[in-house]
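2 protein chains.
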Amino acid sequence: MSDEETLKRRAQAVFPRGIYGHLSTRLMPENYPQFFTSAKGVRMTGVDGKVYIDYMCAFGLNLFGYGDEEINGAFVKQMLATDTLTGVSPVMVELAERLTGIVTHADWAIFVKNGTDATTLGAMIARAHTKREKIIVAEGAYHGFAAWSSASPGTTEAERAGRIACTYNDVDSLDRAVARAGDDLAAIFATPFKHDILIDQIEPDAAYARRARELCDKTGALLVVDDVRAGFKLARDCSWATVGVEPDLSAWGKCIANGHPLSALLGNEKARRAASRVSYTGSFWFQSGPMAAALVTLDRIMNTGYLENIQTLGRALRDGMATLADRHGVGLRQTGPVTMPMFLFDDDPDHRKGYRWCSEMVERGVYMHPFHNMFISNALTMDDVGQTLEAADGAFRALVAAGPELAPNTRLAALSA
Amino acid sequence: MSDEETLKRRAQAVFPRGIYGHLSTRLMPENYPQFFTSAKGVRMTGVDGKVYIDYMCAFGLNLFGYGDEEINGAFVKQMLATDTLTGVSPVMVELAERLTGIVTHADWAIFVKNGTDATTLGAMIARAHTKREKIIVAEGAYHGFAAWSSASPGTTEAERAGRIACTYNDVDSLDRAVARAGDDLAAIFATPFKHDILIDQIEPDAAYARRARELCDKTGALLVVDDVRAGFKLARDCSWATVGVEPDLSAWGKCIANGHPLSALLGNEKARRAASRVSYTGSFWFQSGPMAAALVTLDRIMNTGYLENIQTLGRALRDGMATLADRHGVGLRQTGPVTMPMFLFDDDPDHRKGYRWCSEMVERGVYMHPFHNMFISNALTMDDVGQTLEAADGAFRALVAAGPELAPNTRLAALSA
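Line by line, the protein sequences are chains V and W.
The first sequence maps to residues 0 to 416 in numbering that gives the first Met the number 0.
The second sequence maps to residues 0 to 416 in numbering that gives the first Met the number 0.
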């Protein structure tokens, strides 16, 4: 048995059904590796020694690659001085000053550990601010695993009673949702673009974003942008800067400390009083190591061309993929911002094509995702893109050769349906 | 203006109302420092250069002191290899095997970041397991900031509709709460002892713990011990091992990685199926650095006399304090396990005495808490206890001298009332 198989079997015993959450590989092709021993730049080494170019960046946690020496150096230095303690490191204040200086709408910050903490505090603060309960979220959007925004077994109807769904980018649907909330609207939540799993990604319509802002201004509700996944991958500001709309609150996480655990809720003056009345705390929320790492990350974000670079790399990948798909006669849809690409195949309702293609890519040393958006790292190079396209050429050929014998994965087919 | 005052003022601007949560000093005596530049063993150095013996251990996050070189060494080594990535490090499996080997009732683990994540997953899994909604918690107990267990502004009545209160250690009250739940009981939650703020701590009555177990067995509900604060400070197992009762689920956090951010929910076979059906994930939950730190911490817990040592140190502190209080004619109540002591003063309903005494202790370089339980670190020495008692001698003298001019802190008095 390979090391990978042994570890999977051991994990099956000591976790409820193996590795859970977004790092479960139950819905991935069988040859996907789950266990790794090292990572550097955009490359991860599996326990069986195989090296992969990683297009997931730990699901968006790092923007500057794995093991960035300058960022990790700042982390270790701070961690050794004071990481968690009965008090606060000055770096926490510095970081809040820096973030509120960068993100236009933000006047204050609350640092937390999970993206879910940030979105949930957003909901609580909006409810405390308005003394109302209804929260509008787009159908299918993921805002964390907390009960107010989840339909998981173990959550109750009552816990999510405040949620009203609308259709992303559909102004009429948003108007109807606001009407449905009556005089009880606390917040409108929005992701920067529609980045749900399994579907073509949808860029935000500026008219929709503006209407959400207007409706909040009219009703006194708060507008919350959930930038946990997309933050700093679209703009050097809250992502809705790209459509000219400022929220009252924004939720951040993932890459702000380049992989070190740190999330944040940012808010404006209007929301400050409510934010100071709500009760919240976390054992590790004041950990200063990740904050020092975040200061270096933010310097990089503000003072380098990382954004233009990942856009250039993402465009090169997109163009190369389009050419290859065309050459092989395969209908490939590439959606979402070029820095957060989603690849889906035409006539592939149960994702059997994407599944097989990704499996062929992994076989060729490129780790892509068949049904979740990917992330372009600033540590990627044009050579890496070239190597990726070479792998893709082979993967397309194998996909075409497999032709009609392709079978769906039953679990994924069920999820797609 | 001192560095401390400057930082407090800056924090006031960029956080909703200064540093929040359990590290806010709004309810602490005015001379309490909030900002620190370094920490080692049991000593923290404030931004103004003053050194304090810390009896809070970062609110229980470290058991082996700040900056433990062996634990931090394991952390850094793992962090540099793989910390967060698109996959899992083998150390995650090792740690789950180790923890489920140590904690008698546990067959599986879910690693998370906050104590609140662990308790909330406990509630969700109990609800999914039973397909019922009612959760019994003891009046006044803290199980995290999530809406199901909080009465904070911004939470809704509906979100906490499932909660039923009982009185800790009162079997009749527990029976009545179960009767009130009817056929809808999902879980009984319990802290290992009653460690609420502002009150004398109450050790668990074995009859109460056994009755909770019986009632869960009878109704099919799950028994959940919230060991986030007390874990490994009372036993080398779940803390209710001290009263001979095994829960179905236990929530862990704080010290399992000696200050590195890691929490966990542990569960038994009975709860496994439900745990595998509930949806949960977190961006940083798979971070491997803290897991490597936890492995060293657990080795220390299982293979050294740390527990007997902190009990001996705690007893020496308790005995010394009792002698001093007596000598100064001050009524001091020391409650809770000796490893997690609470000091409260007789005839002190608004905590003005405790407040002043702690203020005198901080003046003398000892950081104690006027209304929250404290923590004895294994890095503390008998010399440190001696230094503490010397400070306490002066603090008691100053308290007695202040006599009738003592004034209450208005905020704390309001909270006490």
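Backbone N, C-alpha and C fix where the C-beta goes; we use that ideal spot for every residue, glycine too.
Problem - valine 337 of chain W versus glycine 72 of chain V - alpha carbon distance - result: Here residue 337 of chain W refers to the residue found at position 338 of the second sequence. Here residue 72 of chain V refers to the residue found at position 73 of the first sequence. About 39 angstroms.
Problem - Neighbour flag for histidine 194 of chain V against chain W, beta carbons, 7 angstroms - result: Here residue 194 of chain V refers to the residue found at position 195 of the first sequence. Cβ-Cβ to chain W under 7 angstroms: no for histidine 194 of chain V.
Practice task
Compare the C-beta of histidine 21 of chain V with all C-beta atoms of chain W and state if any pair is closer than 7 angstroms.
Solution key: As a first step, residue 21 of chain V must be located in the first sequence, where it is residue number 22. For histidine 21 of chain V, the nearest beta carbon of chain W is closer than 7 angstroms to its own beta carbon.
Exercise for the section: Grab the span of the alpha helix (DSSP H) containing methionine 91 of chain W for me, first residue to last. Expected result: Looking up residue 91 of chain W in the second sequence gives position 92. It spans 89-101 - the alpha helix (DSSP H) in which methionine 91 of chain W sits, taken as one unbroken run.
Handout entry: Nearest candidate by alpha-carbon position, reference leucine 62 of chain V, set V/Gln33, V/Met373, V/His194, V/Asn408
Key = Here residue 62 of chain V corresponds to residue number 63 of the first sequence, with the count starting at 1. Among V/Gln33, V/Met373, V/His194, V/Asn408, the Cα nearest to that of leucine 62 of chain V belongs to V/Met373.
Handout entry: Those residues which DSSP pairs with glutamine 333 of chain V across a bridge
Key = Here residue 333 of chain V corresponds to residue number 334 of the first sequence, with the count starting at 1. Bridge partners of glutamine 333 of chain V: V/Phe342.
Exercise for the section: Quick one: list the residues of chain V neighbouring aspartate 82 of chain W, beta-carbon separation under 7 angstroms, in chain order. Expected result: For the purposes of this step, residue 82 of chain W is taken as residue 83 along the second sequence, with counting starting at 1. Within chain V, the residues near aspartate 82 of chain W are Gly258.
Handout entry: alpha helix (DSSP H) segment containing lysine 385 of chain W, residue limits
Key = The residue given as residue 385 of chain W occupies position 386 in the second sequence. For the sequence presented, residue 385 of chain W should be read as glycine rather than lysine. Run containing glycine 385 of chain W: 381-401, per the alpha helix (DSSP H) assignment.
Problem - Cβ shell of valine 277 of chain V (< 6 angstroms), same chain only, five flanking positions each side left out - result: For this step, residue 277 of chain V is matched to residue 278 along the first sequence. If we look at valine 277 of chain V and ignore the five residues flanking it on each side, its Cβ neighbours are Met123, Ile124, Ala127.
Exercise for the section: State the DSSP-derived secondary structure class of tyrosine 354 of chain V, mapped to helix, strand or coil. Expected result: As a first step, residue 354 of chain V must be located in the first sequence, where it is residue number 355. Helix at tyrosine 354 of chain V.
Practice task
Scan the region 230-256 of chain V for residues whose Cβ lies nearer than 9 angstroms to a Cβ of chain W and list them as they occur along the chain.
Solution key: Gly252, Lys253
Handout entry: Interface residues of chain W facing arginine 9 of chain V [CB-CB closer than 8 angstroms]
Key = What you label residue 9 of chain V is simply residue 10 of the first sequence in a count that begins at 1. Simply Val92, Glu96.
Practice task
Have a look at V/Ala211, V/Arg179, V/Lys112, V/Met341 and flag the residue whose alpha-carbon is nearest the alpha-carbon of tryptophan 251 of chain V.
Solution key: Locating residue 251 of chain V in the first sequence gives position 252, counting from the first residue. Considering only alpha carbons, the answer is V/Lys112.
Problem - leucine 222 of chain W: contacting residues in chain V (beta-carbon distance under 9 angstroms) - result: The residue you call residue 222 of chain W lines up with position 223 of the second sequence. Residues of chain V passing the Cβ test: none, with the nearest at roughly 17 angstroms.
Handout entry: Continuous alpha helix (DSSP H) stretch holding threonine 218 of chain V: start and end
Key = Residue numbering aside, residue 218 of chain V sits at position 219 when the first sequence is read from its first letter. Its alpha helix (DSSP H) spans residues 205-218.
Exercise for the section: Grab the span of the beta strand (DSSP E) containing lysine 39 of chain V for me, first residue to last. Expected result: Position 40 of the first sequence, counted from the first residue, corresponds to residue 39 of chain V. Unbroken beta strand (DSSP E) run through lysine 39 of chain V: 35-39.
Practice task
Report yes or no: is there a C-beta of chain V within less than 7 angstroms of the C-beta of isoleucine 70 of chain W?
Solution key: Working through the second sequence from its first residue, we reach residue 70 of chain W at position 71. It does not; no Cβ of chain V falls within 7 angstroms.
Handout entry: C-alpha gap between glycine 161 of chain W and aspartate 171 of chain W, whole angstroms
Key = Residue numbering aside, residue 161 of chain W sits at position 162 when the second sequence is read from its first letter. Residue numbering aside, residue 171 of chain W sits at position 172 when the second sequence is read from its first letter. Those two C-alpha atoms are separated by around 20 angstroms.
Practice task
Check whether the region 86-98 of chain V touches the region 230-245 of chain V, counting contact only when three or more Cβ pairs, one atom from each stretch, lie closer than 8 angstroms.
Solution key: no
Handout entry: Sequence-distant residues of its chain with Cβ nearer than 6 angstroms to glutamate 418 of chain V (five each side left out)
Key = For residue 418 of chain V there is no data in the structure shown, the boundaries of chain V being 0 and 416.
Problem - tyrosine 167 of chain W versus cysteine 215 of chain W: straight-line alpha-carbon distance, rounded - result: Along the second sequence, one-based indexing puts residue 167 of chain W at 168. Along the second sequence, one-based indexing puts residue 215 of chain W at 216. Taking the straight line from one Cα to the other gives about 16 angstroms.
Handout entry: Contact between the region 309-319 of chain V and the region 375-386 of chain V (3+ Cβ pairs under 8 angstroms)
Key = yes
Handout entry: Cβ shell of serine 149 of chain V (< 8 angstroms), same chain only, five flanking positions each side left out
Key = Translated into the one-based positions of the first sequence, residue 149 of chain V becomes position 150. Result list for serine 149 of chain V: Gly143, Arg159, in chain order.
Problem - Member of V/Ile375, V/Pro28, V/Thr129 whose CA lies at the smallest distance from the CA of threonine 155 of chain W - result: Taking the first residue of the second sequence as 1, we reach residue 155 of chain W at position 156. Nearest of V/Ile375, V/Pro28, V/Thr129 to threonine 155 of chain W, Cα basis: V/Thr129.
Problem - Beta-carbon contacts of aspartate 345 of chain V that lie in its chain and below 7 angstroms, excluding the five residues immediately before and after - result: The residue given as residue 345 of chain V occupies position 346 in the first sequence. Around aspartate 345 of chain V: Gly330, Arg332.
Exercise for the section: In angstroms with no decimal places, state the Cα-to-Cα distance between alanine 117 of chain V and leucine 323 of chain W. Expected result: Reading the first sequence from its first residue, position 118 is the one you call residue 117 of chain V. Reading the second sequence from its first residue, position 324 is the one you call residue 323 of chain W. Distance between the alpha carbons of alanine 117 of chain V and leucine 323 of chain W: 47 angstroms.
Handout entry: Where the beta strand (DSSP E) through phenylalanine 110 of chain V begins and ends
Key = The residue given as residue 110 of chain V occupies position 111 in the first sequence. Where phenylalanine 110 of chain V is concerned, the enclosing beta strand (DSSP E) stretches over 107-111.
Practice task
Figure out for me which residue from V/Tyr366, V/Ile70, V/Thr334 has the closest Cα to the Cα of tyrosine 51 of chain V.
Solution key: The residue you call residue 51 of chain V lines up with position 52 of the first sequence. If we check each option's Cα against that of tyrosine 51 of chain V, V/Tyr366 comes out closest.
Handout entry: Residue burial classification, alanine 291 of chain W (beta-carbon count within 10 angstroms, cutoff 16)
Key = Within the second sequence, numbered from 1, the residue matching residue 291 of chain W stands at position 292. Burial call: buried.
Practice task
Please state if the CB of leucine 265 of chain W and the CB of alanine 108 of chain W are separated by a distance shorter than 7 angstroms.
Solution key: Position 109 of the second sequence, counted from the start, is the residue given in the question as residue 108 of chain W. Position 266 of the second sequence, counted from the start, is the residue given in the question as residue 265 of chain W. In this structure, the beta-carbon distance from alanine 108 of chain W to leucine 265 of chain W falls below 7 angstroms.
Problem - Min CB distance lysine 49 of chain V to chain W below 7 angstroms - result: Position 50 of the first sequence, counted from the start, is the residue given in the question as residue 49 of chain V. Not one chain W Cβ lies under 7 angstroms of lysine 49 of chain V.
Exercise for the section: Identify whether tryptophan 284 of chain V lies in helix, strand or coil by the three-state DSSP scheme. Expected result: As a working note, residue 284 of chain V is residue 285 in the first sequence. Reduced to three states, the DSSP call for tryptophan 284 of chain V is coil.
Problem - N- and C-terminal bounds of the beta strand (DSSP E) containing alanine 137 of chain V - result: As a working mapping, residue 137 of chain V is identified with position 138 in the first sequence. Boundaries of the beta strand (DSSP E) harbouring alanine 137 of chain V: 133-137, taken from the DSSP string.
Exercise for the section: Give the DSSP-derived three-state secondary structure of aspartate 2 of chain V in the structure shown. Expected result: Counted from its first residue, the first sequence places residue 2 of chain V at position 3. Here aspartate 2 of chain V sits in helix by DSSP.
Problem - alpha helix (DSSP H) segment containing aspartate 347 of chain V, residue limits - result: For the purposes of this step, residue 347 of chain V is taken as the residue at position 348 of the first sequence. That residue, aspartate 347 of chain V, is in no alpha helix (DSSP H); it is neither H nor E in DSSP.
Exercise for the section: Taking threonine 119 of chain W as the reference, give the member of V/Ile255, V/Gly153, V/Ala186 with the closest Cα. Expected result: Walking along the second sequence from the start, residue 119 of chain W turns up at place 120. Taking only the C-alpha atoms, the option nearest threonine 119 of chain W is V/Gly153.
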